[in-house]
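Okay, structure first, notes after.
Protein chains: 2
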Amino acid sequence: MDVDAAVFDVFGTLTDWRSSVTEALSGTGGRAGLHADWPTVTDTWRRCYRPALKRILDGELSWRPLDALHRLTLDEALAEHGLEDLDDAERDVLVQAWHRLRPWPDAPAGLELLHHTRVLTATLSNGGISLLARLTKQAGLRFDCILSAELARSYKPDPQVYRMAADLLEVKPRRLLMVACHPDDLEAAARAGLRTAYIPRPLEWGPAAGRVDPPAVVDLVADDVIELAHALGASGRTRP
Amino acid sequence: MDVDAAVFDVFGTLTDWRSSVTEALSGTGGRAGLHADWPTVTDTWRRCYRPALKRILDGELSWRPLDALHRLTLDEALAEHGLEDLDDAERDVLVQAWHRLRPWPDAPAGLELLHHTRVLTATLSNGGISLLARLTKQAGLRFDCILSAELARSYKPDPQVYRMAADLLEVKPRRLLMVACHPDDLEAAARAGLRTAYIPRPLEWGPAAGRVDPPAVVDLVADDVIELAHALGASGRTRP
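As they're listed, the protein sequences go chains A and B.
Positions 80 to 319 (the numbering used here) are the ones given, in order, by the first sequence.
Positions 80 to 319 (the numbering used here) are the ones given, in order, by the second sequence.
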C-alpha cells in the first residue's frame, strides 16, 4: 500500500489498557481496604468512556482534556460498583494509570520497523499530547510525531480530528493511513477521506471476550504492527 | 539540573542549515546555469528571516507557515544577488531544502541519550509540524514529541509559543528547559518563565564567523547535546 504517513490509535490498538488499569485499580483499591472484581471495574470504567465522549461531541458537555473525562467516568464506574470510599487523591492517581499502559508485544518492534521506512508515523489518539508523549516514551513506542485530538479541541470520531492530522502532516487524506482495532474509528477516518488499516486485538477486553468483527470496508487488515510495517514497505527482520 | 522536559530549537542548534541550504542553492542554481557565491546567498536568505518574522509578530504581515515565509525571503535574497532567473518551481524546491538539514555530529547521539532519561524531549521550532517530523526522521534526531510555533499560529520569540509548550507537555514553566544556540530565543524563553540552556554553535554562520556571545543570563551552558544530556542525568557512554 502506497501512503505517505500512518496515524495510530493508541488505547487498545497499541496498548493493553485492560491489564494495566486493572493493576492500578486493584493496587489503589487494595491499599484502601476495598475488595472488588477489579477487571470488571476496569471494563465498566472503559464502557463509560464512549457515552461521555458522545456527550462532548453532541455539545452536552464542554470539551475537556481526557484526564478530566477519565475522572468523570471513574466516578461513575466506582459508584456503579459501590466503591465510593476512594478519595480525590486516590482517584487522581488512578486517572494517571492511563499514562502508563503496557504495549502489546508486537507494537514496539513494529513501530521501530516503520520508523525506518519513508512512511511518517504519528499517534492519533483521544489522549492528550502530554499523556501520549509520556506513554509512548515509557512503553518504547517510537513515533515520528505525536498528534492528539486535543490539538483540534475535539475527540475522535469527529471528522475534524482526522483532517487536522492530514493538514499538520501536509499529506492528502488519501495518502494518510489510519490504523486502529476499532471499526468505528476506521469508519470515521474513511468518511474523512483517509485510508484505513485494521489490526484485530482479540484480547482488548480480556481473554473471555471474542474477536471483534472487522469494519465492513477497510483497505488493509494486518495481524499486528509488524505485519503492517512489512505491508508498508519495511524490510527488517525484527520479531519481538 | 532538575527539569521535567527539555524543548529544542532546531535551525542552528541541532542542524547545520548553512551547508545544507548552500548545497541546495548551488545545485538548483547550477542546473539553471547561474553562478554566484552560494554560501553568501544562503547567508542573505537567512538574514532576511528575522526581519520577516518581526513583520508577522508586529502584525504587519498575516501569519503564514514557515515554508511561505521562506519563499518570501528567498525572493528577496535572490533579487539582492541578481538571481531572478530561477522560476517558481525551482524556488519551491529550494524552500524544501529546509526540510532536509544535516544534523550537527553530536545531536543524534545526545538526543538518543536524553530519550533514555526521565526528561521528556520535544522540538520547539518555528518550523511547522510536518517539516519538523520529516527533518528529525531523516536526520536521526530522536524526540519524544514534536512541537512547533505553528500550533500557536505564531513564531518564537512570542511568549505564547513557550507557554504553549509548557501547557501541552503539562509541566510548569520552571520545570521546562529551552535549549538553543541563539541568545534571543533563550532570553524570550526566560521571560516566559522557562529555564534555559545555551549550546554554542560557532560554525552556524560558517568557518569564518566568530563565536556568538552567550546570553547575559542562562541556567546552563553545554558544549554540545551530549554534554547537555549528561548534565540532565543521562548515564550512557555514547560518543558520535
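All C-beta atoms in this analysis are idealised placements derived from N, C-alpha and C, irrespective of residue type, glycine included.
For Ile225(B), the secondary structure class from DSSP, reduced to helix, strand or coil, is strand.
C-alpha of Leu273(B) to C-alpha of Pro236(B): approximately 13 Å in a straight line. For Ala188(A), the closest C-alpha among the options Leu220(A), Arg181(A), Trp177(A), Arg290(A) is that of Leu220(A). In summary, no residue of the region 145-166 of chain A has a CB separated from any CB of chain B by less than 7 Å. Contact annotation: in the region 244-271 of chain B, residues whose CB is within less than 7 Å of a CB in chain A are Leu247, Leu248, Glu249.
Distance from the CA of Val100(B) to the CA of Gly138(A), rounded to the nearest whole angstrom, comes to 48 Å. Of the candidates Asp223(A), Glu163(A), Leu162(A), Glu169(A), the residue whose Cα lies closest to the Cα of Leu192(A) is Asp223(A). Put simply, the backbone Cα of Gly285(A) is about 17 Å away from that of Val89(A).
Under a criterion of Cβ atoms nearer than 8 Å, no residue of chain B is adjacent to Arg232(A); the nearest Cβ is some 12 Å distant. Per the coordinates, the alpha-carbon of His178(B) lies some 39 Å from the alpha-carbon of Tyr128(A). Of all residues in the region 175-200 of chain B, only His194, Leu199 place a beta-carbon less than 8 Å from a beta-carbon of chain A. With respect to Val82(A), Leu248(A) sits apart: the two C-beta atoms are not nearer than 8 Å.
The straight-line gap separating the alpha-carbon atoms of Gly112(A) and Leu199(B) is approximately 35 Å. With its beta carbon less than 8 Å from one in chain B, Ser209(A) belongs to the interface. Pairing Leu153(A) with Val172(A) gives a Cβ-Cβ distance that is not under 8 Å. Leu255(B) sits in a strand when the DSSP states are folded into three classes. Ranked by how close their Cα comes to the Cα of Ser233(B), the residues Ile208(B), Glu283(B), Ala269(B) have Ile208(B) in first place.
In terms of CA proximity to Glu169(B), Arg110(B) leads the group Leu226(B), Arg110(B), Ala84(B), Asn205(B). The residues Leu165, Glu169, Val172, Leu173, in chain order, have a CB closer than 8 Å to that of Thr107(B) in the same chain once the five nearest residues on each side in sequence are set aside.
By the neighbour-count definition (other C-beta atoms within 10 Å, threshold 16), Gly91(B) is a buried residue. The C-beta of Arg170(A) comes no closer than 8 Å to any C-beta of chain B.
Under DSSP, Asp95(A) takes part in a beta bridge, and its partners are Arg181(A). For Ala267(A), the closest alpha carbon among the candidates Gln239(A), Leu230(A), Trp96(A) is that of Gln239(A). Pairwise C-beta distances place the region 113-124 of chain B out of contact with the region 141-148 of chain B, as fewer than three of them are shorter than 8 Å. Straight-line measurement puts the Cα of Gly206(A) at about 27 Å from the Cα of Ala310(A). Here the C-alpha atom of Arg150(B) lies approximately 33 Å from the C-alpha atom of Asp302(B).
Nearest C-alpha to Arg197(B) among Asp185(A), Ala201(A), Lys216(A), Arg181(A): Lys216(A). The DSSP-derived three-state label of Leu132(A) is helix. Interface with chain B (8 Å Cβ-Cβ cutoff): Arg242(A) is excluded.
With a beta-carbon spacing of about 7 Å, Thr123(B) and His160(B) fall inside the 8 Å limit used to define contacts.
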